[in-house]
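First to last, the sequence lines map onto chains A and B.
The first sequence begins at 19 in the working numbering and counts up one residue at a time.
The second sequence begins at 2 in the working numbering and counts up one residue at a time.
The beta carbon of each residue, even a glycine, is placed where N, CA and C say it ideally should be.
It should be emphasised that the depicted structure is a prediction, and the values quoted were computed from it without experimental measurement.
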Amino acid sequence: MKAAPAPLPPGILSDLLHQTAFNLCAALAGSWDGPVVLRSGDPFYAAELALRLETFLQTERSTRRPMLIWADPCVADLPEIADLLDDFPLGSGVLLLLVRRRRGSDGPDASGVAQDLSCAPRIVRTETGQRALWPKEVLDWLAARGFREEVGYGIGGSDYRFWSRLAYLAERLGQEDRADRFRARAQAALLVWGKRVPAAILTLILTVRRNG
Amino acid sequence: MRGNHIEADLSQQVMAFAALRLEAWLETMRGPGGYGGPVVHWWRDNLLYTGPGLDWRYEGIILGYLKLFRNTGDDRWLDKARRAGIDLLQGQLPSGNFRHSCFEANPGTGGTPHEAACDLALLRLAHVLREREDPLWETVAEAARRNLWGYILAVLWDDEARTFRNLPNDPTFVPNKAATIVEALLAWAELTGEKEVVNRYVGPSLDAIVKAQVRAPNSPLDGAIEQGIMGARASGRYFPFYIARIIPALLLGYEATGREVYQDAALRAMAFILRFRLPDGSLPQVVYRNGRMNRHPQWVAGAGDILRAMKWARRCGMDVNPEPTQLWLLRGLQLHGGIATAHGFGGMEGRRPSVCPDARDLLPVCGWADKAFRYLAGMVHGGNHLPAVQSPPEVEMDCIFRGERCLYRETATVLEIRGESGWRYQWTKGTPWAKLILCSERKRGVPCR
């Protein structure tokens, strides 16, 4: 009897990007001293993040500063999250995992790298058909509740996409040695911070409640 | 002549002592659930997940301890092999898979060849436990059976292609991974006397490996074995390290079936490895079908598996001098007993590597150190008079981390990389996640939470 195949990542993102984002998310949550709550309407995100959070959730933690991990936020989440955050004291955190989706066709390009990542506002649906929230929308919404951005990381920025495409092309041309070097460069550029974060395919933003 | 014997004895003693020091370092890497720590690899690094990994590290750790036990008769080594086996038993899922078995892609399950490597270790452990009439042997063997029949044969075996798939969703045939499965199946056959697996899976897999070997007598690539084959398309990459891992399976296959083609393939594979061995005993990371090679990074701890393959080839009468590679391995030993993972990670992207080693070179990784441990453990014998292992409380080495000059510091409880203004990477041993600080945070003075 064949086992059921593992769930595939939603959308077009490569496994490496997701793994990096999930692990970084878990590492940030792991060093948070309060309890961690996970919310994601997407079953893949929820399952992968839960798997990682299981590795440390048994440990005893202070209950004073909770953290919410909110992955792939969508409009339908807002009422529940608003209720949850009402009970979050000062110093509590919200760790956002944001996904940039393509505006064009739904299929991946041959290199497996997202092509058009323009962030011009338009209605984009999550994998479960909900309207996804734009990064600015979520951050404004959280800011209205006293949460300020502390740290941001991008996974898969423009350099990563550039080198990944070159690696793909070199592989197609039978230049495996070049392909490997380009791939290594892509990996070195995988994680970005500062001004390069908004162009990344996946973004992690830690916000902390500074005022009520 | 006598002088040569003394030299040989000395180098054997040096390697034996290195095995015991490495064992002491491995102990510092144990946490709840097993051996943990960051991972660096050619394919990708995983510096963040540092919890236990039930992956190929258990192959070298368990088999290394069994070797120590066999060679010395000291029960404490068997106890440690048993303890590592229990890590695997406790980390087995109802599906038969092992928890966190994906090494560089952890945490995840269904890792290849990692789960087969765990099976191999469990089956050899079961063998020894049965000899000792330890009732745990049946549970250990059953765990391997559940993984082999519940995952490896049920999910990875492609009945149509008569080869093993790389992953459930990836039909690529990866010879070194199939070789690890072959070794596990042969260990099963040896333990239980069930020979059906040899005809049904081992033979076709070894045939596919032989088919993936370059046959070009006048070419330096002769004997190389493809890294992966997807349909009719080969990857065009030959990794000496992975090819070395295939050699024992081919020779075991020869012993089990008497088919000389497997022995011939193994010796030609070793000839390829020796052809590309560099004067310092190291091997390039990869040789391409166009004849170019990429040295970066060159495995140091992983050279243990290359030396093990050399030992197998020597047993078949091949003239192989392991000494340059032994010296290469020993040069990687660190003061605290750990062993450097590689040399030249900084040059991986095609840039000239700095004189100062990359942090990834220095970082000892359980899943690489186990290969050195397994090989070096074979040098320890009951008659050795070795000093007691005493590791310094801390080790510090200069390194480059993400382009910045840093200090690598490791103690029995912490591993950290420090820049001028504070730490950049920190792992408290035994915890499942490490902390990383990036440039933007440093500039803004925001601590990594």
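Any Cβ of chain A closer than 7 Å to the Cβ of residue 436 of chain B would place that residue at the interface, and such an atom is present.
The bridge partners DSSP lists for residue 190 of chain A come to none. Measuring C-alpha to C-alpha distances from residue 133 of chain B to each of B:432, B:405, B:83 identifies B:83 as the nearest. Close to residue 257 of chain B, with beta-carbon spacing below 8 Å, lies no residue of chain A; the smallest spacing is near 28 Å.
At a C-beta separation below 7 Å, residue 34 of chain A has these neighbours in chain B: 45. Residues of chain A with a Cβ closer than 7 Å to the Cβ of residue 108 of chain B are, in chain order, 69, 70, 73.
Contacts between residue 49 of chain B and chain A, judged by CB atoms closer than 7 Å, involve 41, 42, 45 in chain order. It is roughly 18 Å from the alpha-carbon of residue 32 of chain B to the alpha-carbon of residue 61 of chain B.
Taking one beta carbon from each stretch, the segment 61-80 of chain B and the segment 392-407 of chain B have fewer than 3 pairs nearer than 8 Å; the two do not touch. Distance from the Cα of residue 157 of chain B is smallest, within the candidate group B:337, B:38, B:166, B:213, for B:166. Residue 153 of chain B sits in a helix when the DSSP states are folded into three classes. Shown here, residue 210 of chain B sits in a helix according to DSSP, grouped into three states. In this structure, B:243 is the residue among B:81, B:253, B:243, B:130 with its C-alpha nearest to the C-alpha of residue 273 of chain B. Legend: CB atoms of the segment 287-302 of chain B lying less than 9 Å from CB atoms of chain A belong to residues 287, 289, 290, 291, 293, 294, 295, 297. Chain A places a beta carbon closer than 7 Å to that of residue 238 of chain B, counting this residue as a contact.
Residue 423 of chain B is outside the set of residues whose beta carbon lies under 7 Å from a beta carbon in chain A. Apart from the 5 residues on each side of it in sequence, residue 388 of chain B sits with its Cβ closer than 8 Å to the Cβ of 18 in its chain, given in chain order. When beta bridges are read from the DSSP output, residue 399 of chain B appears opposite B:408. A Cβ of chain B is located within less than 7 Å of the beta carbon of residue 206 of chain A.
By the C-beta criterion, the segment 22-38 of chain B is judged to be in contact with the segment 49-56 of chain B, since at least 3 inter-stretch pairs fall below 8 Å.
For residue 60 of chain A, none of the residues of chain B pass the 8 Å Cβ criterion, the least Cβ distance being about 18 Å. In this structure the segment 354-362 of chain B does not lie against the segment 314-324 of chain B, because fewer than three pairs of beta carbons, one per stretch, are closer than 8 Å. With fewer than 16 other Cβ atoms inside 10 Å of its own Cβ, residue 136 of chain B counts as exposed. When the beta-carbon positions are compared, residue 344 of chain B and residue 362 of chain B come within less than 7 Å of each other. Proximity to residue 111 of chain B across B:155, B:124, B:79, B:139 peaks at B:155, based on C-alpha coordinates. Judged by DSSP in its simplified three-state form, residue 135 of chain B adopts coil rather than helix or strand. Boundaries of the alpha helix (DSSP H) harbouring residue 39 of chain A: 33-48, taken from the DSSP string.
Among the residues facing chain B, residue 105 of chain A is not included, as its CB has no counterpart in that chain under 7 Å away. Across the structure, residue 168 of chain A and residue 131 of chain B are spaced so that their CA atoms are roughly 58 Å apart. Judged by DSSP secondary structure, residue 55 of chain A falls within the beta strand (DSSP E) whose first and last residues are 54-58. At a cut-off of 7 Å between C-beta atoms, residue 101 of chain A does not count as an interface residue with respect to chain B.
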